[in-house]
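Engineer: For the protein sequence lines, the chains are A and B, in the order given. Using the working numbering, the letters of the first sequence correspond one by one to residues 1 to 254. Using the working numbering, the letters of the second sequence correspond one by one to residues 255 to 808. Don't be surprised by glycine CBs; every beta carbon is placed ideally from N, CA and C.
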Amino acid sequence: MSDSPVILHDTSEAAGHAHGGEHPSYLRHHFESVEQQADTTNFAMWLFLLTEVMFFGGLFTAYLIYRNWYYPAFVAASHQLNIVWGTANTGVLISSSFTMAMGVWCSETKRKSGLVLCLVLTFILGLLFLGIKTIEYSEKIEKHHVPGFHYSLQSFLDPDSDEAAKAAGDKPLPLDVARHTEIYFSLYFAMTGMHALHMIIGIAILGFMIFRARAGAYTTGHYTFVENFGLYWHFVDIIWIFLFPLLYLISRHQ
Amino acid sequence: MSSTIVSLPDQSTARIPKVNFITKENGLLSWLLTGDHKRIAILYLISLSFFFFIGGALAGLIRLELLTPQADLMATDTYNKVFTMHGVIMIFFFLVPSVPATLGNFLIPLMIGAKDLALPKINLLSWYLYIAGGTLAIYTMATGGVDTGWTFTTPLSTHYVNTNVLTTGLAVFIAGFSSIFTGLNFIVTIHKMRCPGMTWFKMPLFVWAHYAASILMVLGTPVVAIAIVLVALERTIGIGVFDPTKGGDPLLFQHLFWFYSHPAVYIMILPGMGVISETISTFSRKRVFGYTAVAFSSVAIAVFGFFVWAHHMFIMGISNYAVLVFSLLTMLVAVPSAIKIFNWTFTLYKGSITFETPMLYTFGFMGLFTIGGLTGVFLGTSGTDIHLTETYFIVAHFHFVMVGGMLMAFLAGIHFWWPKMTGRMYPEKISQLAAVITFIGFNFTFFPQFILGTLGMPRRYASYPPEFQVLNVFSTAGATILGVGYLLPVLYLTWSLKYGAIAGNNPWQATGLEWQTQSPPLTENFKVTPIMDHEAYDYDWLEKQKEKEVTHVG
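Spelled out as structure tokens, the structure:
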């Protein structure tokens, strides 16, 4: 074709942009340089986390409104949560964030065995979190605190019959106030459930990464995937950092 | 014919370039597994058209039912399902992805001088999500449909109806992620993939408009996703968040839903405005008047668009102060919209205007969008809104903006970039006819609905008092004309794939980077990474380039 594009400046200046040497195999064809590629995927990950913020933002809004409307019911309902398990889980998650951050560092500095170790630790801590969450959920199921058809107001109408309520020194709530505890538990399960779903997805990806890291991936200088996954993992952690005081510690400052 | 800017290569010697993104690889799999933004755009175009015609057929059924005052064509609950599915399909599976996923996908990398979108796999994933969501929506329709209206209003959707709310909700949820990924991809691409010299204020306004729409997609869509999740939980296990008997508030659903769904109308219209900026400059041979103002007005629409959602709830029991504030904020959106319309009009002033098909659609857009936008001010005024809301006035307003505005822009864009996408021209005369038919049919269909609305005819009913029949017959007759107007492009555009004139690189003598490469483009878009050394819409630069080329060849 003789009609070559008008704009194309086939000058040495433009040619200077292309690297003389070989491109690393992980550089995708539409990027100019490895830096651009890393920068771009990183930015995309931050944007994705922004959408996650908006996603959880809807739930936090609902929480904010109902907590303001039904504060006494929210306080009584929050006493039903096991603060020891909750604190332990917070510790577990923060530790997992630390091991994840170490993993990113190992990947960056090309330490293969260190990376595998960190990922495995993160994986185990993630599972531990879900395990503790399962214990907490089963307590709620036993007490019929799962909203829906089997929801029971027993613990709130008659706190003396309930250990947790008794320990917190709760007074019996009038029926119309007690009924609003169901909203609390709806939000509790929706928020921690969505959080747990994100954990499960994260753990699945971690499993995949451990598999790949053992085969030598991520320690060749191309660690964008580990870095971006780290961002995701920390994000899920931060969500919990907000959930913990909002759900467990409503009245603990009094 | 001096009244045209079209300059085609000599047809006896011209050829479609042998190597281009269409001929690069063959076979169905090479399309279904492609990472090429242009191929994904074509996939989107085909699937979008399919959904458009399903939604259009449903619209035809609605108009046919409303031909007579009684509910005689279908049972009233069937009618509810038909208008719901019309809304769901047209909004989530046509309007939201229409321009961004087809033209935006195809053109943004070309316009900013990139080889592809930043995340090609995510781009393909977004198409698969779209198809998955769309298939689920069709499946829902085939197995009984849903009758809540496209707004899934609680407590109707959570407690009272016994139709496929869950599967439709899931379909919208999935399509939402498709939209999030498209928007995310655009933002990242526009930030990180611009060619040397392509500063923010040298970008075509089409790219600016998509940037603004992408912000809305990324920030708004997750909120409707969580709203749908809560509706699903409410419906299945009765969690009570939207249930007043348990202390929940249905109004909360309205807030969450409209927090997305109002910005969603700007997701739909902004890319269309981007198309108009391109066509109006090309067919007036002038730089867009007030380039910077038009660019920032897109962003302003996106920002204001997030703070007006409660104007959908003026009669739903929000506080009077909220009504006051949201009414004011709603009027503010009219400002950037008007900036665009006025700047486009000034672009026309003393321009060398020609009337090719894209320009006819553009004029259609400007007129109809202005009417649609101004009637929006009526509805944003709380006093008149109380009278007009839930009547056909709303229907007419919305369709003036979306069909008269967005669909006109979509067709303008498809015609304008058809030679770039396929390498061939569409037939000019018949397409001009189609544009005129669409315009006439549109006004016949929807203008009577403004009058019906002010007379008080409520929307979403299968029957109506007999005194409204004349105007409804007008509307249905207009819909028939409109249908012809939409069918024609499908026929002649398909015809042109084989028989259209060879377009050459730049049939419109336009300035965008996409016109400076071959049509259809190469898979990697440009032979050498372009350098942007001039302003956007610089026709003098284009002239100089042509002179250079002539002397070069000579």
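Opposite residue 776(B) in the DSSP bridges: which residues?
Structural biologist: Beta-bridge annotation (DSSP): residue 776(B) is paired with 779(B).
Engineer: By the criterion of Cβ-Cβ separation under 8 Å, what are the contact partners of residue 39(A) in chain B?
Structural biologist: 446
Engineer: Using DSSP with H/G/I as helix, E/B as strand and the rest coil, what is residue 678(B)?
Structural biologist: Of the three classes helix, strand and coil, the one that applies to residue 678(B) here is strand, per DSSP.
Engineer: Looking at the C-beta of residue 204(A), does it have a partner C-beta in chain B at a distance below 8 Å?
Structural biologist: Not one chain B Cβ lies under 8 Å of residue 204(A).
Engineer: How many Å lie between residue 781(B) and residue 449(B) at the Cα?
Structural biologist: 13 Å
Engineer: Determine whether the Cβ of residue 147(A) lies closer than 8 Å to any Cβ atom of chain B.
Structural biologist: yes
Engineer: What is the rounded straight-line gap between the Cα of residue 603(B) and the Cα of residue 567(B)?
Structural biologist: 41 Å
Engineer: Using a Cβ distance threshold of 8 Å, determine whether the region 75-89 of chain A contacts the region 515-532 of chain B, with at least three qualifying pairs required.
Structural biologist: no
Engineer: Can you find a C-beta in chain B that's less than 8 Å from the C-beta of residue 169(A)?
Structural biologist: no
Engineer: Looking only at C-alpha atoms, which of 416(B), 613(B), 663(B), 770(B) sits nearest to residue 400(B)?
Structural biologist: 416(B)
Engineer: Could you compute how far the alpha carbon of residue 2(A) sits from the alpha carbon of residue 758(B)?
Structural biologist: The pLDDT assigned to residue 2(A) is 39, lower than 50, so where the model puts this residue is not dependable; a value taken from the coordinates is nonetheless given after this. For residue 2(A) and residue 758(B), the distance between alpha carbons rounds to 12 Å.
Engineer: Just to make sure I have the definition right: I need the residues of chain B whose C-beta is within less than 7 Å of the C-beta of residue 258(A). Which are they?
Structural biologist: Residue numbering for chain A in the displayed model covers 1 to 254; residue 258(A) lies beyond these limits and cannot be assessed.
Engineer: Residues in the region 40-52 of chain A with C-beta within 9 Å of chain B's C-beta atoms, listed in sequence order?
Structural biologist: 40, 41, 43, 44, 47, 48, 50, 51, 52
Engineer: With three or more C-beta pairs closer than 8 Å as the rule, is the region 122-138 of chain A touching the region 88-98 of chain A?
Structural biologist: A contact exists between the region 88-98 of chain A and the region 122-138 of chain A.
Engineer: Measure the CB-CB distance between residue 650(B) and residue 704(B) and report whether it falls below 8 Å.
Structural biologist: Yes. Within cutoff.
Engineer: If I measure Cβ to Cβ from residue 395(B) and keep anything under 6 Å in the same chain, skipping five residues before and after, which residues do I get?
Structural biologist: 339
Engineer: So what does DSSP say about residue 645(B), is it helix, strand or coil?
Structural biologist: strand
Engineer: Can you check which of these residues, 461(B), 508(B), 442(B), is closest to residue 353(B) by C-alpha distance?
Structural biologist: For residue 353(B), the nearest C-alpha among the options comes from 461(B).
Engineer: Strictly under 8 Å for the Cβ-Cβ distance: is residue 485(B) near chain A by that measure?
Structural biologist: No, residue 485(B) lies away from the interface with chain A (no Cβ there is under 8 Å from its Cβ).
Engineer: Candidates 500(B), 361(B), 739(B), 444(B): which alpha carbon is nearest residue 176(A)'s?
Structural biologist: 500(B)
Engineer: Expressed to the nearest angstrom, what Euclidean distance is found between the alpha-carbon atoms of residue 381(B) and residue 432(B)?
Structural biologist: Cα to Cα, residue 381(B) sits roughly 7 Å from residue 432(B).
Engineer: Beta-carbon within less than 8 Å of residue 420(B)'s beta-carbon, same chain only, minus the 5 sequence neighbours each way: which residues are those?
Structural biologist: 486, 489, 490
Engineer: Per the contact definition of three or more C-beta pairs closer than 8 Å, is the region 640-659 of chain B in contact with the region 573-592 of chain B?
Structural biologist: no
Engineer: Within 8 Å, do at least three Cβ pairs link the region 50-69 of chain A to the region 180-198 of chain A?
Structural biologist: The region 50-69 of chain A and the region 180-198 of chain A touch, with three or more beta-carbon pairs separated by less than 8 Å.
Engineer: Chain A beta carbons: is any one of them nearer than 8 Å to that of residue 295(B)?
Structural biologist: no
Engineer: Among 734(B), 532(B), 801(B), 570(B), which residue has its Cα nearest to the Cα of residue 765(B)?
Structural biologist: 532(B)
Engineer: Where does residue 16(A) fall in DSSP's three states?
Structural biologist: Here residue 16(A) scores only 39 on pLDDT, less than 50, and its place in the model should not be relied on; the value that follows carries that caveat. Residue 16(A): coil per DSSP, three-state reduction.
Engineer: Taking Cβ positions only, does residue 182(A) come closer than 8 Å to chain B?
Structural biologist: yes
Engineer: By Cβ distance, which residues of its chain are closer than 6 Å to residue 427(B), with the 5 residues on each side in sequence left out?
Structural biologist: 479, 482
Engineer: Using DSSP with H/G/I as helix, E/B as strand and the rest coil, what is residue 250(A)?
Structural biologist: Correct three-state label for residue 250(A): coil.
Engineer: Residue 378(B) and residue 443(B) - do their beta-carbons sit closer together than 8 Å?
Structural biologist: no
Engineer: Could you name the residues of the region 496-526 of chain B whose beta carbon sits closer than 7 Å to any beta carbon of chain A, in the order they occur along the chain?
Structural biologist: 500, 501, 502, 506, 510
Engineer: Is residue 677(B) closer than 8 Å to residue 774(B) when the C-beta atoms are compared?
Structural biologist: Yes, they are a contact pair.
Engineer: Could you have a look at residue 7(A) and say whether DSSP puts it in helix, strand or coil?
Structural biologist: Low confidence applies to residue 7(A): its pLDDT is 43, below 50, so where it sits in the model is not reliable, and the reading given next is rough at best. Of the three classes helix, strand and coil, the one that applies to residue 7(A) here is coil, per DSSP.
Engineer: With a CB to CB cut of under 7 Å and the five nearest residues on each side skipped, what residues in its chain are close to residue 26(A)?
Structural biologist: Cβ neighbours of residue 26(A) beyond the five flanking positions: 222.
Engineer: Give me the Cα-Cα distance between residue 809(B) and residue 691(B), rounded to the nearest whole angstrom.
Structural biologist: Absent from the structure is residue 809(B), since the part of chain B shown begins at 255 and ends at 808.
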